[in-house]
Structure formats: structure tokens, C-alpha cells
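Asker: Provided herewith is a single structure, encoded as C-alpha cells, for subsequent inquiry.
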Amino acid sequence: MDYRIEEHAEQNEISDNNNIGLPKRFKVFTRSTIDKISKLHNLNHRLINEMKIVAHVLPFKVNNYVLDNLIDWNEVPNDPIFRLVFPQKNMLIPKHFRKMKKALKSESKKIIKSTAKEIRMELNPYPAGQISYNVPTFQRKKLNGVQHKYRETALLFPRSGQTCHAYCTFCFRWSQFVSLKTKDKFGVKSVDNFIAYLQENPEITDVLITGGDPMIMCFNRLVRFIQPIVNAEIPHLRTIRIGSKSLTYWPMRYIDDPDSDYVLGLFSNITDKGLNLCFMAHINHYQEMESFYFKMAVEEIKKTGAQILTQTPLLNQINASSDILAKMWKLQIDYNMVPYYLFIARDTGAQHYFSVPLVKAWEIFSKAYTKVSGICRTIRGPSMSCSPGKVNVLGPTKINGEKVLALSFIQGRNPSWVNKPFFAKYNPKAIWLSDLEPAFDEQFFFEKDYDKFLGPYNEIKKYID
Ligand code: SF4
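Residue 67 in our numbering sits at position 51 of the sequence shown; the count goes up by one each step and never skips.
Have a look at this one:
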């Protein structure tokens, strides 16, 4: 055990919190235990049956903290957090809903399983070629559990961090939680090869530890992934990012779990060693930030020297309103967090339910942007995380009298694509890059020789100037 970690554990005074009525120990409910959620007992049976049908296709998991602290049960079924975690009938298109309902009526396990799988495979379970294009090779072997799409950033998926404290109904990584194929059980068990890969690729300045949610791991597992990276003292490594929704789905992770003090000690250890620690907090609605425990957890993380940046997709039925976004970003600034990304709902799972057309998304974003001070305008977007890169919607404009949609890359497989405006034909119905056509050419500029850029960065860099 590192001395600093022990020291932090001894010094932290927040471990005895029984006097403030902290929630009881972590308790989860899944499809098989949904009937045990007492808060649902007053709901209409039809609604519960519909949720069960959808939960046979899309993953479902919720915990006692979300149920007791985040959902306003007086507003159910319209409450945004209820929709964020509980499957809704319209999250499946009617054809898929009917098919799953019929399969369940058959009461045959085999039919139910194969029907669920068939539907899942029609929901684009692997968007943006995450597994096929982004996994690098090291010493002639695929580095399973690592992705390197953008030059400066390598993603690490710890095997035991590929689940979450609760599942979001919009999640683009939903297929990881329903075991479609063995390759979905993505993730590394040890970081030795990853560290060697970092050492051999000096352009990597940032490591993003992601999941699922890596903060689901107990300290003993987490430390095995993080501490060796810190100890390796890789000269070009500047930032460790941790992508997590634990601040809102289980803030007790930082205030009352048996190993909370050790986790915070580990965070302090990263910053003490001179690395930036960026806690990438996934927050979809300001209602998630109104709990007292959230505020406590933010304060504990900030004490470690970590910076907290926030991100969310724009989600129809949950947060697609300029008032909601502006209120959320302002609150984040009050908590000394940095609003970072507003994404477009991805082309997978229940995209039809959550998506907002790109032009409309730009309007909502712009209206929210004008409602906040310059300090909040660290937020970027609305951005599509698609196969070529992160494409920002700059908005509609006119060129030579023709109405077009201006776009640019925030990140690209080829770094030289970044920040160059390009134009698509105006299409107010488009919800994704694939719905757009180039305004003035046969193809978008990045589509020239595109196939050769479809690989992890270390394998395509020979084509990059
Ligand atoms: S917490 Fe993140 S990874 Fe987990 S279900 Fe929600 S969006 Fe997906």
C-alpha cells in the first residue's frame, strides 16, 4: 500500500456519516427483481408489463439511491430520471415491441432468448466501429480492452469495470451489458501491456479509464489499474481521465463506501505525482445534482486536486430543452465543475426515442448557450461521436444563396481534419452524419481515401502528415 493512500485514509474525517442519514448499502434491482421495487407497486400494471417486455431486449438495472433520491415519484411516468433508468414501451419500435411480446407469450426460453438476440442485432450494437477499428495491435496481438482512435488519447477498459451502478436507457454501450457475443466481454485484466504500449507511443498524453463505469470497482481492483500507470512515470503522459456516472448514481462511492477513503487517497496520489486527474462526470439532468450526497461527493473529489468535467447527450424526453441545459450548466459552475460536452444521441439502441434532429439540437444548444455566462461556455457541441471522429454541428447558414448546415471536427481519426468547417445540404430531419449529404461535392472532404484511416491511430499514422 502506498503511504499517501494510507495517510489519506487516516486523515479523512468523513467516514462516520451515520448522523446524516446516508442511504443504506448499495442494492440493485434488475429485470428479474423489478417486482420487488416497492415504489412501482402503485403504478399501472400495463406500464410495468411494457417495461418488462422492453427489458428483455435492452439492459435494465437500478439501485436504491436512484429510486429514493433522484426520481420524483409524483411525476412518474414523466419524470426525466425515471425515463433515464426505466425502459419505456416506445424505446422499441412497434415492430420489435410486438415481436418481443409475442415471444414472451410463447413461454419458451429458447424463443425468448433468440428473439431478444435478433432484435438486438438490428439495433446497431457496435456503433462507430469501436471494436472493429479502434483496438490497437501490440507485439503482434490485439490489445483487447484498449482503444486508440484519437492521437493523444488512449482508452482503457478494465475488465471488472464493465458494468455500472445503474444503466441508462440511452447508453450507447448497452450491448456490453447483455452479452451478445463473447467478444462483448471487453476489457483488460492487467495493465502491463497497456503501459508498454503507452511507453512506445509518445503522442499519447491522456489515458481515459472507462467502462461501463470504472468506479464500480472496489479500491483493490481500481488501484491495480491506476497505480502502475502512475508509477511508470511515463514522461509524455499528462492526464488521467476517469469516465464515470457514479457521482449521480452512487455518490456514496466517495463518502460512505467501506473503501471511500482509499479511493480518494488514490485520486490524491495521482495529483501528488504531478498528473492531471480529470473526473469526467456523466450528468444528464440537473435533478441528478440536487441531492445533498451529490454535493458532498463533489467536495470530496475536489479536495484530491481532481478537476471535474461534465458531459451528456441531448436526450429527447429527458433534457432536450434550453432551460434544462442552462440550469444544469449553471449548477455545475456553482459546484466548480467544467461543462465540457453536449453530444448527439448515438446511432444505436433506442436512438429513435432519444434523438433530436441535428438542426433542432443546434437550436436548443444555442438558446441554452445564450442563457449562461461566459464561464459556462466551456461546453462544446452538439457533437456526434461517429466513425470518422467527433463532428460538431456549427449550425445552418447560407452560401451563395443555398441553405446548408455547417459542421467541423472536434476530433478526427486524422488530426488534420480538425476544426475545418465543411458543409452539408440543409436537412432539418437528419439525426446523424449518415443522414447528411455533402453540399457542394460528391463526397465530404474526409471521405477521400477514408478506408485507410479506419484503424487504431498507431496503425494509420503512417498516412498522416
Ligand atoms: S453509466 Fe455510462 S456506461 Fe453506464 S449505462 Fe449509463 S451511460 Fe452507459
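Cβ atoms here follow ideal geometry from the backbone N, Cα and C, with glycine treated the same way.
#1: Measuring from the CB of Tyr183, is there a heavy atom of the ligand SF4 at a distance below 7 Å?
#2: So, at 8 Å on beta carbons, what are the nonlocal neighbours of Ser432 in its own chain, with the 5 sequence-adjacent residues on each side left out?
#3: Consider the C-beta atom of Asp363 and the heavy atoms of the ligand SF4; say whether any pair is separated by less than 7 Å.
#4: Straight-line CA distance for Gln500 to Leu263?
#5: Do Arg189 and the ligand SF4 come close, with the Cβ less than 7 Å from some heavy atom?
#6: In this structure, how does DSSP classify Cys392 when only helix, strand and coil are distinguished?
#7: Where in the region 235-307 do unbroken runs of the beta strand (DSSP E), each at least 3 residues long, occur, reported from the N-terminal end onward?
#8: How would you call Pro398, buried or exposed, if buried means at least 16 neighbouring beta carbons within 10 angstroms?
#9: Does Asp465 pass the burial test, meaning 16 or more other C-beta atoms within 10 Å, or should it be called exposed?
#10: Starting from the C-beta of Arg175, find all residues in its chain whose C-beta is less than 7 Å away, skip the five residues before and the five after it, and write them out in chain order.
#11: Do we get a CB-CB distance below 8 Å when we pair Met107 with the residues of chain C?
#12: Please report the straight-line C-alpha distance between Ile21 and Pro39, rounded to a whole angstrom.
#13: Taking 7 Å as the cut-off, is the CB of Asp222 close to at least one heavy atom of the ligand SF4?
#14: So, is Pro472 buried or exposed, given that buried needs 16 or more other C-beta atoms within 10 angstroms?
#15: What does a CB cutoff of less than 8 Å around Asn332 pick up in its chain, not counting 5 residues either side in sequence?
#16: Does the Cβ of Glu29 have 16 or more other Cβ atoms within 10 Å, making it buried, or fewer, making it exposed?
#17: Considering only the beta carbon of each residue, do Ser424 and Ile380 sit closer than 8 Å?
#18: Determine the burial state of Gly390: buried for a count of at least 16 other Cβ atoms within 10 Å of its Cβ, exposed for fewer.
#19: Looking at the ligand SF4, does it come within less than 7 Å of His298, judged from the CB to the closest heavy atom?
#20: Kindly indicate which three-state DSSP category Asp84 falls into: helix, strand or coil?
#21: Let's test the definition: count the other Cβ atoms within 10 Å of the Cβ of Phe456 and tell me whether it reaches 16, buried, or not, exposed.
#22: How is Asn209 classed by DSSP in three states: helix, strand or coil?
#23: Given that a residue counts as buried once 16 or more other Cβ atoms are within 10 Å of its Cβ, and exposed if not, what is Glu316?
#24: Since Glu496 contacts Pro152 with CB under 8 Å, what's their CB separation in whole angstroms?
#25: Could you check what DSSP says for Ile549 in three-state terms: helix, strand or coil?
#26: Less than 7 Å between the CB of Gly161 and some heavy atom of the ligand SF4, yes or no?
#27: According to DSSP, is Gly192 part of a helix, a strand, or is it coil?
#28: Round the Cβ separation of Tyr265 and Ala313 to the nearest angstrom and send it over; I've been treating them as touching at under 8 Å.
#29: Would you list the residues sitting across from Lys158 in a DSSP beta bridge?
#30: For Ser130 and Thr185, what's the separation of their Cα atoms in angstroms?
Answerer: Judging by the given coordinates:
#1: yes
#2: Ile480, Asp481
#3: no
#4: No answer is possible for residue 500: the residues shown for the chain start at 17 and end at 481.
#5: yes
#6: helix
#7: 255-260, 292-298
#8: It is buried - the Cβ of Pro398 has at least 16 other Cβ atoms within 10 Å.
#9: exposed
#10: Gly161, Gly203, Val204, Lys205
#11: Judged by its chain identifiers, the structure shown contains no chain C, having just a single protein chain.
#12: With a pLDDT of 44 at Ile21, under the threshold of 50, the modelled position of this residue cannot be trusted; read the value that follows with caution. Approximately 26 Å, taken between the alpha carbons.
#13: No, the beta carbon of Asp222 sits no closer than 7 Å to any heavy atom of the ligand SF4.
#14: buried
#15: Excluding residues within five positions, the ones whose Cβ falls inside 8 Å are Ala361, Tyr369, Phe370, Ser371, Val372.
#16: Confidence in Glu29 is poor, its pLDDT being 37 and thus under 50, which makes the residue's placement unreliable; the coordinate value appears in the next sentence. Exposed is the call here.
#17: no
#18: exposed
#19: yes
#20: helix
#21: exposed
#22: helix
#23: Buried: at least 16 other Cβ atoms inside 10 Å.
#24: What the structure shows of the chain is the stretch from 17 to 481, and residue 496 is not part of that stretch, so it cannot be assessed.
#25: The requested residue 549 does not occur in the structure, where the chain is confined to residues 17 to 481.
#26: no
#27: According to the sequence displayed, residue 192 carries Gln and not Gly. Reduced to three states, the DSSP call for Gln192 is helix.
#28: Contact flag wrong, Cβ pair sits at about 11 Å.
#29: Thr153
#30: 21 Å
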